[in-house]
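Enquirer:
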Amino acid sequence: MVKKRIKFREGEIVYYDKGKGNLIILLHGYLETSQVWDELSGGLSAGYRTIAVDLPGHGESSVYGSEHSMDFMAEAVRAVMDAEGIEKAMLTGHSMGGYVVLAFLEKYPHRLHAYCLFHSHPFADTDEVIANRKREIKIVESGKKAIIYPVNIPRMFADFNTGKFKEAVERNKDIASGIAEEGIIAVLNGMISRPSRLDILEKGEAPLLFIVGKHDNYIPFEEVKNKIKIPANSEILVLENSGHMGFVEEKEVSLEAIMKFYQRQLL
257 MVKKRIKFRE GEIVYYDKGK GNLIILLHGY LETSQVWDEL SGGLSAGYRT
307 IAVDLPGHGE SSVYGSEHSM DFMAEAVRAV MDAEGIEKAM LTGHSMGGYV
357 VLAFLEKYPH RLHAYCLFHS HPFADTDEVI ANRKREIKIV ESGKKAIIYP
407 VNIPRMFADF NTGKFKEAVE RNKDIASGIA EEGIIAVLNG MISRPSRLDI
457 LEKGEAPLLF IVGKHDNYIP FEEVKNKIKI PANSEILVLE NSGHMGFVEE
507 KEVSLEAIMK FYQRQLL
């Protein structure tokens, strides 16, 4: 694995390059960094090249003001592709990373072979979610970031999996603890302001692998499944024993599904 960095706007974007072959770009979610993909990217790198990006405000990438819109973060991903001389790639986004993938699909559809939404969705925030995000912003602004992630991280796993994956829960807490307060606030504001991209998803030509966890505490399984009409040449994978972290909770199932799906798109 090679750590790289590029100049982007007035700051830098850091990413990690592994393996050889057709490119899969991995985009992490809220309170995460590229580190959450370490195990999955190790498996994927047996047949693909992977680039795991620290999105703006996360990991070692720069913070750019008080709001990181999904469009802005999609521009950062495009900048990584440009720097690597990659015209088209396959994008996989976890949760917030999926929101960035959809923004990328809207802005740069010609640069996608296919994409995967991993525990994500195309809808704008509900009033309830917006209120929760604003509450978290106030908590972080008051210097009490440490209140948030000990609650949020365990809920990312299915309730019956928190004990089984205790080490992963603690590791993700450690990752979240290192994210700058300004970066957390910027992405919370960006998620609040993002529009619905349901039409973009349903009318898009790029094939989609839509992965949902049956026991997701953040994205209601039935609600999402019933509200979305996925485009042609696309697939849905329901992880029966996962919450919001299927690439940890059912790593082998997830890995096989992603590798086979992307391989079909390249035939």
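Quick note on numbering: our numbering labels position 153 of the sequence shown as 409, and the sequence is numbered without any gaps. Glycine included, C-beta positions come from ideal geometry on N, C-alpha and C.
Does G469 come out as helix, strand or coil in the three-state DSSP assignment?
Expert: If DSSP states are grouped into helix, strand and coil, G469 belongs with the strands.
Enquirer: Residues in the same chain with beta-carbon distance under 6 Å from M257, minus the five sequence neighbours each way, listed in chain order, please.
Expert: The residues are Y272, K274.
Enquirer: Near E437, what residues of its chain come up, given a Cβ to Cβ distance below 6 Å and the 5 sequence neighbours on each side ignored?
Expert: The answer, listed in chain order, is V396, K401.
Enquirer: If you check the beta carbons only, do I403 and I448 fall under 8 Å apart?
Expert: No, Cβ-Cβ distance for I403 and I448 is not below 8 Å.
Enquirer: Where does A414 sit, in a helix, a strand or coil, going by DSSP?
Expert: The answer is coil: DSSP assigns A414 none of H, G, I, E or B.
Enquirer: How would you write the range of the alpha helix (DSSP H) that I395 sits in, first residue to last?
Expert: Looking at the DSSP string, the run of the alpha helix (DSSP H) that includes I395 is 383 to 397.
Enquirer: Within a Cβ cutoff of 8 Å, which residues of the same chain sit near Y364, ignoring the five residues on either side of it in sequence?
Expert: A330, R334, listed in sequence order.
Enquirer: Counting Cβ pairs closer than 8 Å, one from the region 291 to 303 and one from the region 450 to 467, do we hit at least three?
Expert: The region 291 to 303 is not in contact with the region 450 to 467.
Enquirer: Pull up the distance between the alpha-carbon of K420 and that of E266, whole angstroms please.
Expert: Going from the Cα of K420 to the Cα of E266 covers about 43 Å.
Enquirer: How should R305 be labelled, buried or exposed, when 16 other C-beta atoms within 10 angstroms of its C-beta is the threshold for buried?
Expert: Per the 10 Å Cβ criterion, buried.
Enquirer: When the Cα atoms are used, what is the spatial distance from S318 to A359?
Expert: Their Cα atoms are separated by approximately 20 Å.
Enquirer: By the three-class DSSP mapping on this structure, what secondary structure does F477 have?
Expert: Three-state DSSP puts F477 in a helix.
Enquirer: Under 8 Å, with one C-beta from each stretch per pair, do the region 501 to 508 and the region 475 to 491 reach the 3-pair mark?
Expert: Flag = no, the region 501 to 508 and the region 475 to 491 do not touch.
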